[in-house]
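Q: Below is the structure I would like to discuss, written out as structure tokens.
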Amino acid sequence: MSKLDRTQIERRIVFLVLVIAVALPLIFPLGMKTYGTPLTKKAYDLVENTPPKSVVIISFDYDPSTVTELQPMALAVIEHAWKKEHRVIATAMWPQGSKMADLAFAEVQKKFNNEKVYGLDYVNLGYKVGGMVVIQGMGRNFKTVFPKDTSGLDYEDIELLRPVKSLRDIKYVVSLSAGDPGLRDWIMTAKGKYDVPVAGGTTAVSAPGFLPYVNDQNQLYGLMGGMKAAAEYELLLGYEGSASLNMNPQSVAHILILILIAIGNVKAWRKRKADAKQGEVKNG
Amino acid sequence: MKKNVPLILAFISGMLILVAGFIPHYPFAMLEETLTNWFMIISSFAILLGQSSLIQANVTRVARRSPNWQYHLAGLISFGLMVAFGLLWGMEHTPGIFGHGEAVVRNLGIKPFDYVFEYAYMPLSATMFALLAFYIASAAYRAFIIRSFESNLLMITAVIVMLGRTSFATLLTSWIPQSWSFLRLPEITDFIMQYPNTAAQRAILISASLGIVGASLRIILGIERSYLGGGK
Chain Z
46 MSKLDRTQIE RRIVFLVLVI AVALPLIFPL GMKTYGTPLT KKAYDLVENT
96 PPKSVVIISF DYDPSTVTEL QPMALAVIEH AWKKEHRVIA TAMWPQGSKM
146 ADLAFAEVQK KFNNEKVYGL DYVNLGYKVG GMVVIQGMGR NFKTVFPKDT
196 SGLDYEDIEL LRPVKSLRDI KYVVSLSAGD PGLRDWIMTA KGKYDVPVAG
246 GTTAVSAPGF LPYVNDQNQL YGLMGGMKAA AEYELLLGYE GSASLNMNPQ
296 SVAHILILIL IAIGNVKAWR KRKADAKQGE VKNG
Chain U
4 MKKNVPLILA FISGMLILVA GFIPHYPFAM LEETLTNWFM IISSFAILLG
54 QSSLIQANVT RVARRSPNWQ YHLAGLISFG LMVAFGLLWG MEHTPGIFGH
104 GEAVVRNLGI KPFDYVFEYA YMPLSATMFA LLAFYIASAA YRAFIIRSFE
154 SNLLMITAVI VMLGRTSFAT LLTSWIPQSW SFLRLPEITD FIMQYPNTAA
204 QRAILISASL GIVGASLRII LGIERSYLGG GK
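For the record, the sequence lines run as chains Z and U.
Just so you know, the numbering used here puts the end of the first sequence at 329, numbered straight through with nothing missing.
Just so you know, the numbering used here puts the end of the second sequence at 235, numbered straight through with nothing missing.
Structure, rendered in structure tokens:
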């Protein structure tokens with residue numbers, strides 16, 4: 046068997062083992078609990094300590110590719126905000142973010158028996174192209190950037206938006222961001238220019254890049270990184286949602302990757318040893 | 004003339020935005036607002052340009068029967084269907100040419116655009132992203148090999164962080180007494196993320212920001228002209 050064939054077979058075995066490792070905990074949940082981190086708690090506290098009836102922004106800066114990590118965060122943050130009677134404005138810096146917002150609101154509405162009223166408790170302003178420039182525009186005049194919502198209702202006809210003239214009237218922003226434009230633009234503009242507290246949720250892979258912003262100046266007021274943080278937020282809200290359930294297969298997959306690294310190293314070590322031995326034989 | 008006009012426009016716009024950052028008063032604030040509004044309008048046209056480019060590129064490949072032309076055809080059909088659904092029946096709250104399409108909604112439960120988005124596009128898109136897990140697992144097996152001191156250090160850190168981010172971490176080290184809690188895996192993971200990682204990320208951020216300032220100045224001053232096309 047050639048080296049290429051062996052590599053192909055090995056790769057397929059790895060894929061198969063990973064499928065089994067992910068599927069089994071989904072079918073038979075392990076019931077493992079995650080632990081809370083200060084970063085998620087900080088984002089939770091921002092929502093928790095904001096007075097009722099405050100108008101807040103949740104920005105859906107992602108698309109369906111990262112739905113597994115970011116949608117559970119969106120559900121948890123919306124639920125928390127509504128429990129605290131906050132009025133939620135949904136914006137989107139990504140074209141499909143607006144649809145993600147609709148889906149998230151519809152999902153959380155079920156928990157509230159559809160009691161939350163569109164236009165009064167929440168509104169979806171949809172997608173605007175431009176990233177940071179859009180946020181700057183919102184800082185000057187909210188209405189000029191979003192003259193209508195996604196259903197075509199005029200700004201003046203939406204009760205929730207009446208007290209909102211600019212970003213300064215917003216109590217906090219939570220940006221759920223899968224890349225650029227997204228959280229970094231909110232930090233630099235909403236927090237940096239207009240001093241609006243910003244919390245963020247990102248994919249696990251992008252989270253380390255945002256940690257420098259979580260500092261004494263509160264450039265970033267808490268950071269949720271990946272599905273684990275979503276599970277932590279669910280834990281803080283006192284329920285187990287999709288993120289908590291999906292943490293089991295993710296944990297098993299991580300362990301499997303560690304095992305694969307160990308196997309790979311043993312294999313490399315044996316190869317090095319064999320090569321050295323062969324070298325000794327050659328040299329006499 | 005063809006190159007000088009864009010260069011002059013870039014210089015004036017760049018300088019105005021730069022000055023407005025330091026003098027946020029009339030007339031600079033007004034000019035900044037006007038320019039940023041123009042930016043949003045021009046950016047919207049970029050979407051149209053992207054769509055026309057997508058159609059053009061795919062139609063050409065299908066017409067020439069390029070390798071894998073079937074995929075390009077599938078892309079074109081999908082694009083056309085989504086546009087048609089959106090135009091005819093609109094989206095969740097928005098009406099289309101046929102209004103809210105009550106008859107179609109009665110059959111599907113939701114509007115056709117939302118149906119395809121929710122039950123085709125979303126799972127397909129999430130699946131594409133999830134495929135990364137397979138590549139990571141395969142790459143970890145083949146490439147994450149100890150070869151030097153640095154790679155050893157990287158691997159130990161990766162193992163701790165990866166393990167620390169799982170639910171197993173708490174299980175494995177919860178027996179360590181509270182007075183020694185800094186040795187628990189989640190605590191070590193948090194330490195690595197908050198100190199060595201953040202320090203390195205800050206250095207990267209500062210360097211990248213200085214790079215952006217430099218690149219922006221080069222564009223404003225007309226030294227960097229690649230955005231005009233046609234080489235230097």
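Positions of the beta carbon are idealized from the N, C-alpha and C atoms, including for glycine.
Under 9 Å between C-beta atoms, does residue 30 (chain U) make it to chain Z?
A: Answer no: the Cβ-Cβ gap between residue 30 (chain U) and chain Z never drops below 9 Å.
Q: Which same chain residues, not among the five before or five after residue 281 (chain Z), have their C-beta less than 6 Å away from its C-beta?
A: Same-chain partners within the cutoff: 89.
Q: Looking only at its own chain, which residues have a Cβ that is under 7 Å from the Cβ of residue 140 (chain Z), when we skip the five neighbours before and after it?
A: So the qualifying residues of the chain are 172.
Q: At least one CB of chain Z closer than 9 Å to the CB of residue 87 (chain U): is that the case?
A: Closer than 9 Å: no.
Q: By Cβ distance, which residues of its chain are closer than 8 Å to residue 77 (chain Z), with the 5 residues on each side in sequence left out?
A: Once the five neighbours on either side are set aside, the close Cβ partners of residue 77 (chain Z) are 292, 293, 296.
Q: Over the uninterrupted beta strand (DSSP E) stretch that includes residue 221 (chain Z), give me the two end residues.
A: Run containing residue 221 (chain Z): 218–222, per the beta strand (DSSP E) assignment.
Q: Is it the case that the Cβ atoms of residue 105 (chain Z) and residue 151 (chain Z) are separated by a distance below 9 Å?
A: Cβ distance not < 9 Å, so residue 105 (chain Z) and residue 151 (chain Z) don't count as in contact.
Q: When the cut-off is 9 Å and only beta carbons count, does residue 181 (chain U) lie next to chain Z?
A: No - not a single Cβ of chain Z is within 9 Å of the one on residue 181 (chain U).
Q: Which of the three DSSP states, helix, strand or coil, is assigned to residue 235 (chain U)?
A: Only weak support is given to the placement of residue 235 (chain U): the predicted model assigns it a pLDDT of 48, under 50, and the value that follows is read from those uncertain coordinates. The answer is coil: DSSP assigns residue 235 (chain U) none of H, G, I, E or B.
Q: Measuring alpha carbon to alpha carbon, tell me which of Z:160, Z:116, Z:201, Z:68 ends up nearest residue 279 (chain Z).
A: Checked all of Z:160, Z:116, Z:201, Z:68; the closest Cα to residue 279 (chain Z) is Z:116.
Q: Let me know the secondary structure DSSP gives residue 82 (chain Z) once reduced to three states.
A: Three-state result, residue 82 (chain Z): coil.
Q: Are the C-beta atoms of residue 119 (chain Z) and some chain U residue less than 9 Å apart?
A: No, its Cβ sits nowhere closer than 9 Å to a Cβ of chain U.
Q: Could you work out which residue in Z:307, Z:66, Z:327 is closest to residue 148 (chain U) when comparing CA atoms only?
A: Selected option, being the one with the closest Cα: Z:307.
Q: Scan the stretch 40–65 of chain U for residues whose Cβ lies nearer than 8 Å to a Cβ of chain Z and list them as they occur along the chain.
A: Within the stretch 40–65 of chain U, the qualifying residues are 40, 42, 43, 46, 47, 49, 50.
Q: Which residues bound the alpha helix (DSSP H) around residue 32 (chain U)?
A: It spans 31–66 - the alpha helix (DSSP H) in which residue 32 (chain U) sits, taken as one unbroken run.
Q: Report the start-end ranges of each alpha helix (DSSP H) in the stretch 168–252 of chain Z that is 4 residues or longer and not cut off at the edges.
A: For the stretch 168–252 of chain Z, whole alpha helix (DSSP H) runs of length 4 or above, ordered along the chain, are 177–185, 187–190, 228–231.
Q: Would you verify that the beta carbon of residue 310 (chain Z) is, or is not, closer than 9 Å to some beta carbon of chain U?
A: Interface residue, yes.
Q: Would you tell me roughly how many angstroms separate the C-alpha atoms of residue 235 (chain U) and residue 225 (chain U), rounded to the nearest one?
A: Unreliable positioning characterises residue 235 (chain U) in this predicted model, as indicated by a pLDDT of 48, which lies under 50. A coordinate reading is not provided.
Q: Could you pull out every unbroken alpha helix (DSSP H) segment of at least 4 residues lying fully inside the stretch 133–160 of chain Z, listed in chain order?
A: Listed in chain order, they are 142–156.
Q: Taking the alpha carbon of residue 132 (chain Z) as the reference point, which residue from Z:196, Z:215, Z:191, Z:68 has its own alpha carbon closest?
A: Looking at the Cα atoms, Z:215 is the closest of the given residues.
Q: Roughly how many angstroms separate the alpha carbons of residue 176 (chain U) and residue 187 (chain U), rounded to a whole number?
A: The alpha-carbon atoms of residue 176 (chain U) and residue 187 (chain U) are separated by roughly 5 Å.
Q: I believe residue 197 (chain U) touches residue 256 (chain Z) by the beta-carbon criterion, under 8 Å. Please report the beta-carbon distance rounded to the nearest angstrom.
A: Confirmed, about 7 Å.
Q: Please name the residues in the stretch 184–204 of chain U whose beta-carbon is closer than 8 Å to at least one beta-carbon of chain Z, in chain order.
A: The stretch 184–204 of chain U vs chain Z, Cβ under 8 Å: 189, 193, 196, 197, 200, 201, 204.
Q: Can you check whether the CB of residue 145 (chain Z) is closer than 9 Å to the CB of residue 274 (chain Z)?
A: No; because the gap between Cβ atoms is not below 9 Å, this pair is not in contact.
Q: Could you check whether residue 182 (chain Z) and residue 39 (chain U) sit closer than 9 Å to each other, using their CB atoms as the reference points?
A: In this structure, residue 182 (chain Z) lies closer than 9 Å to residue 39 (chain U) by Cβ.
Q: Could you spell out the range, first to last residue, of the alpha helix (DSSP H) harbouring residue 100 (chain Z)?
A: Taken as a continuous stretch (DSSP letters only), residue 100 (chain Z) belongs to no alpha helix (DSSP H), being part of the beta strand (DSSP E) at 100–106.
Q: Apply the 10 Å Cβ neighbour rule to residue 8 (chain U) and answer buried if 16 or more other Cβ atoms are within range, or exposed otherwise.
A: Exposed, because fewer than 16 other Cβ atoms sit within 10 Å of the Cβ of residue 8 (chain U).
Q: Any idea if residue 266 (chain Z) is buried or exposed, counting beta-carbon neighbours within 10 angstroms, 16 or more meaning buried?
A: It counts as buried.
Q: Beta strand (DSSP E) containing residue 269 (chain Z): first to last residue?
A: 268–270 is the extent of the beta strand (DSSP E) around residue 269 (chain Z).
Q: The alpha helix (DSSP H) that contains residue 74 (chain Z), what's its start and end?
A: Premise fails: residue 74 (chain Z) is in no alpha helix (DSSP H) and is neither H nor E.
Q: Taking the CB atoms as reference points, tell me whether residue 120 (chain Z) and residue 153 (chain Z) lie closer together than 9 Å.
A: Going by C-beta atoms, residue 120 (chain Z) is nearer than 9 Å to residue 153 (chain Z).
Q: Mind pulling the chain Z residues with CB within less than 7 Å of residue 96 (chain U)?
A: Neighbours of residue 96 (chain U) on chain Z, chain order: 195, 196.
Q: Could you spell out where the alpha helix (DSSP H) holding residue 211 (chain U) opens and where it closes?
A: Start and end: 201–223.
Q: Can you check the stretch 77–130 of chain U for any alpha helix (DSSP H) of at least 4 residues that lies completely inside it and give the ranges in chain order?
A: Here the runs fully enclosed are 105–111, 115–119.
Q: Using 8 Å for Cβ pairs, my map puts residue 298 (chain Z) next to residue 271 (chain Z). What's the rounded Cβ distance?
A: Contact doesn't hold; Cβ gap of about 13 Å is too wide.
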